[in-house]
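Visitor: In this note's numbering, the protein residues as written are 3 to 346.
Quick one: the structure is below, questions incoming.
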């Protein structure tokens, strides 16, 4: 009973903090983009002000919209993003906190791949239900991006699971905690490092696509289809989508951290952080975890959207179906070869 109470309290805390951290990351993104474009840019608090303004605005429902889908899609998107984040982050931090046995098989990465689809599907449903031609075009584009990004991501998941199963057949190969116990880069030869780098490149391309950021923001292209999927949304429903996006930012970057850079302070420094009689290792792990988020978001989203223009939707399909699928398969094959060479 006590464990359930702790889990519920931790889940609520993670959800609340994720909103603040996600919106803060968006503020950093805007400020950094403005700096590189020689502008002053908005305040770091601008995303919070935008959210407050939307919550106070009138909510308008289009006359020809399918009401229950149109109203339900933002809530489903927010709730599914929160569940995704909690499912990814909870086992990781409970493992760092010392609850090894309870979370030994928690956080299945295959389920994570499926959960990643739900916020996008909710947006697609809301776009089609709005009755707007602009939103329908955006929904069609979002479906293309959704279908093309899943295969490379699934290959990454299988590659990690295969490597872990070869290191220790006794543990659950698809559990996220297993990737924390056996980081990708440990014990690899040159071929394995090359393969891991190719998987990391694939993940770096998937992140802005999952978050609908330039050059993969075709579904919302403001200058082409008037905000696309969100064209008919206003007020609190639009605010819910913005909240869902903030939470999803943290979810997808958390997945990247756990897959490629899971080491905590103890693993990196070889010792715990103790000041006096107080063990601050877990607090330092949380700060390090957030720093990794900022760096990953900066290099995969902010830098990319400053340097590149929006792709055509046909180009996006080719990039993922051909380019990223081939890159992830090649990375998997190199890791396989490296493992075979090291064994024999």
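All C-beta atoms in this analysis are idealised placements derived from N, C-alpha and C, irrespective of residue type, glycine included.
Among the residues of its own chain, which have a CB less than 7 Å from the CB of residue 263, if the five just before and after it don't count?
Guide: Here the question's residue 263 lines up with position 261 in the chain shown. Cβ neighbours of residue 263 beyond the five flanking positions: 294.
Visitor: My assumption, with CB atoms under 8 Å, is that residue 111 sits in contact with residue 256. Please give the rounded CB distance.
Guide: Within the chain shown, residue 111 is the residue found at index 109, counting from 1. Within the chain shown, residue 256 is the residue found at index 254, counting from 1. With a Cβ gap of about 12 Å, residue 111 and residue 256 do not count as contacting.
Visitor: Is the beta carbon of residue 38 within less than 6 Å of some heavy atom of the ligand MN?
Guide: Inclusion of the ligand MN in the displayed structure is not the case, the ligand content being empty and no account of it being possible.
Visitor: Is it true that the CB of residue 208 sits closer than 7 Å to the CB of residue 155?
Guide: As a first step, residue 155 must be located in the chain shown, where it is residue number 153. As a first step, residue 208 must be located in the chain shown, where it is residue number 206. Cβ distance < 7 Å, so residue 155 and residue 208 count as in contact.
Visitor: At which residues does the alpha helix (DSSP H) containing residue 294 begin and terminate?
Guide: Within the chain shown, numbered from 1, the residue matching residue 294 stands at position 292. Counting along the chain, the unbroken alpha helix (DSSP H) around residue 294 starts and ends at 283 to 299.
Visitor: Helix or strand or just coil, what does DSSP make of residue 219?
Guide: Here residue 219 refers to the residue found at position 217 of the chain shown. Residue 219 falls in the coil class under three-state DSSP.
Visitor: Do you know offhand how far residue 237's Cα is from residue 40's?
Guide: Taking the first residue of the chain shown as 1, we reach residue 237 at position 235. Taking the first residue of the chain shown as 1, we reach residue 40 at position 38. About 32 Å.
Visitor: Do you know offhand how far residue 233's Cα is from residue 240's?
Guide: Residue 233 sits at position 231 when you count from the first residue of the chain shown. Residue 240 sits at position 238 when you count from the first residue of the chain shown. Straight through space, the alpha carbons of residue 240 and residue 233 are spaced by roughly 10 Å.
Visitor: Under the assumption that residue 333 contacts residue 197 (Cβ atoms under 8 Å), give the Cβ distance between them as a whole number of angstroms.
Guide: Taking the first residue of the chain shown as 1, we reach residue 333 at position 331. Taking the first residue of the chain shown as 1, we reach residue 197 at position 195. About 4 Å separates the two Cβ atoms, so the contact holds.
Visitor: Measure the beta-carbon distance from residue 35 to residue 307 and round it to whole angstroms, keeping in mind my assumption that it falls under 8 Å.
Guide: As a position in the chain shown, residue 35 is number 33, starting the count at 1. As a position in the chain shown, residue 307 is number 305, starting the count at 1. 7 Å between Cβ atoms; contact.
Visitor: By Cβ distance, which residues of its chain are closer than 8 Å to residue 117, with the 5 residues on each side in sequence left out?
Guide: For the purposes of this step, residue 117 is taken as residue 115 along the chain shown, with counting starting at 1. Excluding residues within five positions, the ones whose Cβ falls inside 8 Å are 82, 85, 86, 89.
Visitor: Which value, in whole angstroms, describes the spacing of the CA atoms of residue 169 and residue 136?
Guide: Translated into positions along the chain shown, residue 169 becomes position 167. Translated into positions along the chain shown, residue 136 becomes position 134. Roughly 50 Å separates the two Cα atoms.
Visitor: Less than 7 Å separating the beta-carbons of residue 246 and residue 79?
Guide: As a first step, residue 246 is located in the chain shown; it is residue number 244 there, counting from the start. As a first step, residue 79 is located in the chain shown; it is residue number 77 there, counting from the start. A contact, by the Cβ cut-off of 7 Å.
Visitor: Assign residue 139 to buried or exposed, taking buried as 16 or more other Cβ atoms, counted over all protein chains shown, within 10 Å of its Cβ.
Guide: Mapped onto the chain shown, residue 139 falls at position 137. The residue in question, residue 139, is buried, as its Cβ has 16 or more Cβ neighbours within 10 Å.
Visitor: On the DSSP bridge assignment, give the partners of residue 177 in chain order.
Guide: What you label residue 177 is simply residue 175 of the chain shown in a count that begins at 1. Answer is 110.
Visitor: Which of the three DSSP states, helix, strand or coil, is assigned to residue 123?
Guide: Here residue 123 refers to the residue found at position 121 of the chain shown. Of the three classes helix, strand and coil, the one that applies to residue 123 here is helix, per DSSP.
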